Amino acid sequence: GGSSSGSSSLSGGSTGSGLGSSRGTLSGGSASSLGGRAGGRSGGAGGGGVGTMGSGGPSVGMEEVRIVADPDNNSLLIWATSQNYERIISTLEKMDVPPRQVLIEATIAEVSLTGSLKYGVQWFFNNRVGNGYTGNGSLGLPTDLTLTDVLSDIPAGQFSYAITDGAGVVKALLNALASDSKVKVLSSPQVMVLDNQQASIRVGTQTPVPAPQTIYGGSTITTGGADYKDTGVLLEVLPRVNSGGMVNMEIKQEVVEPGALVDVSQTGSVANKQRAFLQRNVTSKVVVKSGQTLVLGGLIRDNRTDGQSGFPILYKIPVLGALFGNTEEQVDRTELIVLITPRVVQGSEEASQVTEEIKRKMQQIAPLVTPAG
1279 GGSSSGSSSL SGGSTGSGLG SSRGTLSGGS ASSLGGRAGG RSGGAGGGGV GTMGSGGPSV
1339 GMEEVRIVAD PDNNSLLIWA TSQNYERIIS TLEKMDVPPR QVLIEATIAE VSLTGSLKYG
1399 VQWFFNNRVG NGYTGNGSLG LPTDLTLTDV LSDIPAGQFS YAITDGAGVV KALLNALASD
1459 SKVKVLSSPQ VMVLDNQQAS IRVGTQTPVP APQTIYGGST ITTGGADYKD TGVLLEVLPR
1519 VNSGGMVNME IKQEVVEPGA LVDVSQTGSV ANKQRAFLQR NVTSKVVVKS GQTLVLGGLI
1579 RDNRTDGQSG FPILYKIPVL GALFGNTEEQ VDRTELIVLI TPRVVQGSEE ASQVTEEIKR
1639 KMQQIAPLVT PAG
């Protein structure tokens, strides 16, 4: 039998006996998946993406067809009559399409809850915030969220609020807060990911944790060394795009920060203290339109610190220092919010447009950055 190759989807010919083989390169999908699906449609394929006609209930006229996947070259080897070959090619051309991609734009920020924000960002969004901005939100949202649910009366769920927008309204509100130095952006990543594939972003450091001590025979034995714990910001997003342009996202967001030293053995010895870690995370499933922003939040923490003040030097004297100074407890409240905007990208031309847009943004930022020194 003869063979031929193609550079687009598939191409080939047939021999004089009526049977022919063809090898072609796939332009979109993978050889193993397309080989298995095409073999199944043609009349049964093996687990390795090989379809042999005559088994698995073949269609009429498709008794002598074999499809073998070549994953190394991302191609298929087809053995069939010219008539069956044309039918298979027609099916493969419909299946072999470039996969869609999703650009995930995220902003993870901490908001200081002071002044009008003391009740949380949810209350702030539901009331006038000044500078001509207003906001809306809903309490107790479920894990599956659609745009129509945002302003409706929703039963209790996992998060204290979530807000979507179609014209940058949410970002305008955050800009109003940032102008008063009430917003600290922890991370603002952008990542392109294939449809139905998980994107993972981690920004942070590894914090050393001293190895535990062992008491044996009345003596304390330190094994030495240290373990390391990941701290910082972790964002995992799994987008799924449906035919209507809606994006279903599985979101996992986590922020881990080193905390104070804790005397776990209650001995008062500094050597026995271990580092505590503050962990805040959000896990949810949501549905939004391409290009619209979703806000998740409600994770509030109180950071309590003790401070001393009084007459210089005198207030630091043991015992007598209390006569010349006082100790105050300060409570700082912050709320963690996550903004996520998915954008469906179809084809290389649209991907190039997205890249150029990001370049333009970077060029606008460059003049604002002053070189060191």
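Numbering-wise (the numbering used here), the sequence shown opens with residue 1279 and increments by one. Glycine is no exception: its CB is placed at the ideal position from the N, C-alpha and C atoms. Quick caveat: nothing in here was measured; it's all calculated off a predicted structure.
Straight-line spacing of the CA atoms in L1391 and E1613 works out to 7 Å. By the CB criterion at 8 Å, V1533 and V1511 fall inside the cutoff.
Close CB contacts of R1518 within its chain, under the 6 Å cut and outside five residues either way in sequence, are with N1474, N1526 (chain order). Residue burial annotation: K1372 is exposed, with fewer than 16 other C-beta atoms found within 10 angstroms of its C-beta. Taking 8 Å as the cut-off, the Cβ atoms of L1381 and M1470 count as close.
Counting C-beta atoms within 10 angstroms of its own C-beta, S1562 has 16 or more neighbours from the protein chains shown and is therefore classed as buried. Here DSSP, grouped into helix, strand and coil, assigns G1569 to coil.
Residue burial annotation: G1625 is exposed, with fewer than 16 other C-beta atoms found within 10 angstroms of its C-beta.
S1465 is classed as buried because its beta carbon has at least 16 other beta carbons within 10 Å across all chains shown.
Residue pairing for Q1624: DSSP places it in no beta bridge. The C-beta of Y1506 has fewer than 16 other C-beta atoms within 10 Å across all chains shown, which makes the residue exposed. Boundaries around R1365 are those of the alpha helix (DSSP H), 1360-1373, since no beta strand (DSSP E) includes it. R1480 is the residue among V1515, I1615, I1529, R1480 whose C-alpha sits nearest the C-alpha of D1508.
Taking the CA atoms as reference points, L1355 sits about 16 Å from Q1361. Counting the other Cβ atoms within 10 Å of the Cβ of Q1631 gives fewer than 16, which makes it exposed.
Annotation for G1522: no beta strand (DSSP E) segment contains it, and DSSP assigns it neither H nor E. Apart from the 5 residues on each side of it in sequence, R1621 sits with its Cβ closer than 6 Å to the Cβ of L1381, S1568, G1569 in its chain, given in chain order. Looking at the DSSP output, S1630 bridges to nothing. Judged by their CB atoms, R1579 and R1553 are not nearer to each other than the 8 Å cut-off.
Straight across, the Cα-Cα distance linking A1384 with V1343 is about 49 Å. With a threshold of 16 other beta carbon atoms within 10 Å, Q1484 falls short and is exposed.
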